[in-house]
Each structure stands twice: as structure tokens, then as C-alpha cells.
Amino acid sequence: MYGQAGRKQMYGREVKLVRVSTFDSRMRERDTGSRNPGAYILRRQCLVFFLVFMTMAALSLAVACIFKEDIFGSRESVVVMGEESLSAAAPQAEFFTVSANDIVVSEEETAPPVIVIDPGHGGDDDGCCRGDVSEMTVNLQIARRLSEKLKDMGYETVLTREDDDTALTLEQRVEIAEAAGGELFISIHQNACEEKESSVTGIETWFSGCPEKEEGDNWYCSCCDDSRRLAQLVQMGAVSQTGANDRGLQQSQELYVVRETSMPSCLIETSFLSNTAERNAISSEEYQEQLTEGIARNIDSYFHPKTMYLTFDDGPSEENTAAVLDILQERGIRATFFVVGENVRRHPEIARRIVEEGHTIGIHCNRHEYDEIYASVEAYLEDFQDAYDAVYEVTGVEAKLFRFPGGSINAYNEDIYEEIIQAMTERGYVYFDWNASLEDAVNSSTPEQLLQDARESTLGRKKVVMLAHDIVYNTRVCLNRLIDQFPDYKMEPLTADVTPIQF
Ligand SMILES: [Zn+2]
Ligand SMILES: [Zn+2]
Numbered sequence: 494m495y496g497q498a499g500r501k502q503m504y505g506r507e508v509k510l511v512r513v514s515t516f517d518s519r520m521r522e523r524d525t526g527s528r529n530p531g532a533y534i535l536r537r538q539c540l541v542f543f544l545v546f547m548t549m550a551a552l553s554l555a556v557a558c559i560f561k562e563d564i565f566g567s568r569e570s571v572v573v574m575g576e577e578s579l580s581a582a583a584p585q586a587e588f589f590t591v592s593a594n595d596i597v598v599s600e601e602e603t604a605p606p607v608i609v610i611d612p613g614h615g616g617d618d619d620g621c622c623r624g625d626v627s628e629m630t631v632n633l634q635i636a637r638r639l640s641e642k643l644k645d646m647g648y649e650t651v652l653t654r655e656d657d658d659t660a661l662t663l664e665q666r667v668e669i670a671e672a673a674g675g676e677l678f679i680s681i682h683q684n685a686c687e688e689k690e691s692s693v694t695g696i697e698t699w700f701s702g703c704p705e706k707e708e709g710d711n712w713y714c715s716c717c718d719d720s721r722r723l724a725q726l727v728q729m730g731a732v733s734q735t736g737a738n739d740r741g742l743q744q745s746q747e748l749y750v751v752r753e754t755s756m757p758s759c760l761i762e763t764s765f766l767s768n769t770a771e772r773n774a775i776s777s778e779e780y781q782e783q784l785t786e787g788i789a790r791n792i793d794s795y796f797h798p799k800t801m802y803l804t805f806d807d808g809p810s811e812e813n814t815a816a817v818l819d820i821l822q823e824r825g826i827r828a829t830f831f832v833v834g835e836n837v838r839r840h841p842e843i844a845r846r847i848v849e850e851g852h853t854i855g856i857h858c859n860r861h862e863y864d865e866i867y868a869s870v871e872a873y874l875e876d877f878q879d880a881y882d883a884v885y886e887v888t889g890v891e892a893k894l895f896r897f898p899g900g901s902i903n904a905y906n907e908d909i910y911e912e913i914i915q916a917m918t919e920r921g922y923v924y925f926d927w928n929a930s931l932e933d934a935v936n937s938s939t940p941e942q943l944l945q946d947a948r949e950s951t952l953g954r955k956k957v958v959m960l961a962h963d964i965v966y967n968t969r970v971c972l973n974r975l976i977d978q979f980p981d982y983k984m985e986p987l988t989a990d991v992t993p994i995q996f
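Each residue of the sequence shown is one higher than the one before, starting from 494 at the first, in the working numbering.
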């Protein structure tokens, strides 16, 4: 869930809401005095027409809901909404047709997410204080700046306290967040060491993990996925903009406000007040601006992730591919496997598992021998057919996607690649190259090097096809950390509908 879907009670029955387009930059660019993009679009459009059709839609819907058992049975309906639909549809009548599978809802559902910001401490509890700097005051300053930035981006914000006189219990903070219908909760704090002065510095972000999970590579758990991702984004944004020491993610069951809030939540400790340099920095306007800019930007990424297609070549192998599949399953991520025919016949159960678990299976080659495959166009087509048959016989999948060994243009196929591409395209196959890579086939890199190569090669692109190899041990070793370093991306499997990345 990336904040784009949710469930709401509507007219007494549960429906699934799917935002075709969440609020977007249009509302940021044009200040209409309203935070409701749907309303804004509709004002621009023919308002009279809209009112007429909304009345009709409401009437139809009311009638439909009265007879819902007869009409709908117990089926769940999908509601499609979004300003694009609205602006495109008004004043066309079809948009408002109510059927069993498409119920139209009002523009209210496009209201921006509410983000609850919780400045820690307040009242008699001023937090950790060093020199003339009081934690509660710094927390509130940062919370206000963050709130302003988020509002400028079109979000709605709620602060749990607006001044330093207000004292709140932890329970009250959670109650405020819940009452506000918050979609995210961020608590702001400062750190300090026992000693009056200390060299310890940096930023750390906490989230509430599962009690039974321990720290380490396996502490991921699907039930705290959203909070973890939020914490990663907040931490990354804060560190990248300030250049502060990165103390990383922390998880704890002990922090009441992040544990008890029902929405994804985290708590950031933005500095050590026990370090003079950091205390001076965090008290300055400029540093607070950088800090909150980084956090706000990455909160926006939370709602609007970029897309990454994880692709694994050369498998399946018995142990490594199984381990890769375990991780992907645990993290609810679907990827793409460009398989080698011979390996599919060698490990049919793994090939079937790839398909059963919802990943895309594509063709790489039958025998991974460049000299043989690229000897001629015919040789290539023959090898491809062998791999295709293996995949079909073992998994039942009629593969549509493929990846050239070595990429579509390489040192072995220079003379014939155009012909091969033409022949394959005529047969209806789609090939994918890549635009980022772990470089895990090239050298025997350490997991750390693979992670660095992956990170550096994405270049912040909006759409990344990441090349990896599921037969490489170190790739599997670093896969959890690989996924962790891209909280600003949503991982998807390739399909024939995705516009290919080609060299
Ligand atoms: Zn604190
Ligand atoms: Zn390969």
C-alpha cells in the first residue's frame, strides 16, 4: 500500500477505493485557495453539468444501495476516481453510469492525505536541554517548518501541539492523530548523551517493529512495512539534505506514540543537543530549513513512489533462486526472472515456484554460450525456441518477454542484432534491456559493492529496470538491503504493457 488505495464505508457498504490519480502537481502549481483538487478541477469544468450528473449519480447510487443485496450480492465493488477521470468525463454522461462493478464517488475522496506532526515534549516537560537550547522548543520549530513545507506541497497537516505551554500525554498525542484521520504520523525529537558535552552526533529514525523480530537482515516484517518504509524515507531525506551523521533506522516496541498509532508512523531524533556544534546547527533557521526540506520531499516520495523493476537473469538455480524467492515473498515484492532453458529443466520446481508466486517469467536463452547463440540468426532463434519450450513444458507459461544474453547489442551479435530483433519482434516477443545494474555478473563483488553499484546506476530515474542475477550468492545476500535502499521506489514485475527499456 502506497497510500493510493484504501477502504471506506460508503452508504453503509464497504467498497474498495482506487485512486487512479492521487492529488498531483496541478494543485501545487495553482493556488486556488482550496485544498480539494477535485473541486478545483470541477470548477474549471462545467459546474452546472456536473451538478446535474452528480444528482443523477447520487440518486442512482441511493437506489442501487437500497437494493444492494439483489443487485450486487456480496461482491466487493471497485470505485475508480481521480481528477483526470473527472475532468475528462465531465460533461460526458457515461462517467456517471452506476453499474455493479463501477460505482462513482464524489470528488471528496481526492482530499489530500493528512499528516500528523508531533513535536515531542511540552509544558513542564521540556525534554533534553543543553546550554540555552530546550528540546521542546526546537521540536516545535522543526514541526512548524515541516508543516509549512508539506502544506505548500498540497498536504494537510495537524500538529499535536501548537505552543510550548501545552502539555500532552502520550495517549493524547495518539488520540489527536487518530481523531484527525492521519495517514502518517511523525514525531520530532532531539537526542542527548548523559554527559554535558559529548562528541556523539547524528540523526536516527525509529519505528515500531514486531516484538518477535530481532535486528539484522531478517527484521523485516510485512505488518510494519509501511512504517519501516516511512522511517527509511524520513531518515534518508533528513541525512541527505543536512549531511549529518547517519545513525540509521532503529526499531523499538517501547515508543508509545509510534507503537499505538494505527497509521504508518516514525519518530526522528534530528540531533544531539549534547554536542555543541550540532546544538548550534539545529537551533539555526538555515539548518532547520534543510532538514525539513529533506523530510518533506521524502514524505512526498512515500505517496508518489518511482517505479523499479527488479530483474534476475541466468537462473533458476536450486539454492540461490529459492532464497531470492523467499525474500521477495516475505517482502511482498514481485519481480521478473529471465530464465535459462537448461536451468529450467534442471530445477523445474523452482521455475514453477517463480510462476506460482506471481513473478513474471521471461526467456533469456537455452544455453548461456554467446559463441553458439550469436553464431547466426538461425542459431539464435533455435536456442530461443528451446528455452521457450522448456518454460512452456515446465510452467505452462507462454512467455512474451525476453532478454538477450549480454543485452540486445553486445560484442558477439554486432553484425546480426538488427536481424534478430526484427525476427523476434515479428514473432510478437518483447525484449527488455536495463538501465541500472548491480554489476553482479561482471566481477565477484562484495555485497557492499553490489549495493553501491545498484544505487549509483539508478541516477534517480523515475523508471528503473534493475539487472541482477539470481544465481549469484552475494546478490541474494544483499537483496534485503538492496530493497531497503530504495524506499522511494515501488517494485513491480515487468509485463507486456510496460514500455521496454532498450539500448
Ligand atoms: Zn525527546
Ligand atoms: Zn545472462
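Just so you know, even glycine gets a beta-carbon here, dropped at the ideal spot from N, CA and C.
Under the three-state reduction of DSSP output, residue 693 falls in the coil class, being neither helix nor strand. Excluding its 5 nearest sequence neighbours in each direction, residue 837 has C-beta neighbours in its own chain below 7 angstroms: 809, 844, 883, 884, 887, listed in chain order. Under the DSSP assignment, residue 971 falls in the alpha helix (DSSP H) whose first and last residues are 966-977. With a threshold of 16 other beta carbon atoms within 10 Å, residue 650 meets it and is buried. Pairwise C-beta distances place the segment 961-977 in contact with the segment 817-825, as three or more of them are shorter than 8 angstroms. Note on residue 849: under 16 other CB atoms within 10 angstroms of its CB, so exposed under the neighbour-count rule. Taking a contact as a CB-CB distance under 8 angstroms, the pair residue 789 and residue 780 does not count as one, their CB atoms being some 15 angstroms apart. Look at residue 623 here: in three-state DSSP terms it is strand. The secondary-structure analysis by DSSP pairs residue 743 across a beta bridge with 699. Taking non-hydrogen atoms of ligand 2 into account, the C-beta of residue 879 is found less than 7 angstroms away from none of them. In the DSSP assignment, residue 717 is bridged to no other residue. A Cβ closer than 5 angstroms to some heavy atom of ligand 1 marks a residue here, and those residues are 613, 620, 682.
The continuous beta strand (DSSP E) containing residue 650 extends over residues 649-652. Our two residues, residue 635 and residue 980, have alpha carbons roughly 23 angstroms apart in a direct line.
In this structure, residue 809 has its beta carbon at no less than 7 angstroms from each heavy atom of ligand 2. Sequence-distant partners of residue 916 (beyond 5 residues in either direction) whose C-beta falls short of 7 angstroms from its own C-beta, in its chain, are 870, 874. Annotation: residue 637 to residue 696 spans about 19 angstroms, alpha carbon to alpha carbon.
Taking the CA atoms as reference points, residue 686 sits about 14 angstroms from residue 740.
Under the DSSP assignment, residue 801 falls in the beta strand (DSSP E) whose first and last residues are 799-806. Here the alpha carbons of residue 902 and residue 878 stand approximately 20 angstroms from one another. For residue 748, no alpha helix (DSSP H) segment is defined, and its DSSP state is neither H nor E.
According to the DSSP assignment, residue 788 belongs to no beta strand (DSSP E) but to the alpha helix (DSSP H) extending over 778-796. Under the three-state reduction of DSSP, residue 982 is assigned to strand. In this structure, the straight-line span from the alpha carbon of residue 944 to that of residue 959 is close to 12 angstroms.
Note: residue 821 is not bridge-paired with any residue in the DSSP secondary-structure output. Here DSSP, grouped into helix, strand and coil, assigns residue 913 to helix. DSSP places residue 669 in the uninterrupted alpha helix (DSSP H) bounded by 663-672. Within the DSSP bridge table, the entry for residue 612 names 681 as partners. Pairing residue 677 with residue 608 gives a Cβ-Cβ distance under 8 angstroms.
The beta carbon of residue 963 sits no closer than 7 angstroms to any heavy atom of ligand 2. Following the DSSP letters along the chain, one finds residue 872 inside the alpha helix (DSSP H) bounded by residues 870-888.
A Cβ-Cβ contact shorter than 8 angstroms links residue 727 with residue 759. In the DSSP assignment, residue 855 falls outside any alpha helix (DSSP H) and lies within the beta strand (DSSP E) extending over 853-858. With a cutoff of 7 angstroms, residue 806 counts as near ligand 2, since its C-beta is closer than that to a heavy atom of the ligand. In this structure, the beta-carbon distance from residue 994 to residue 927 falls below 8 angstroms.
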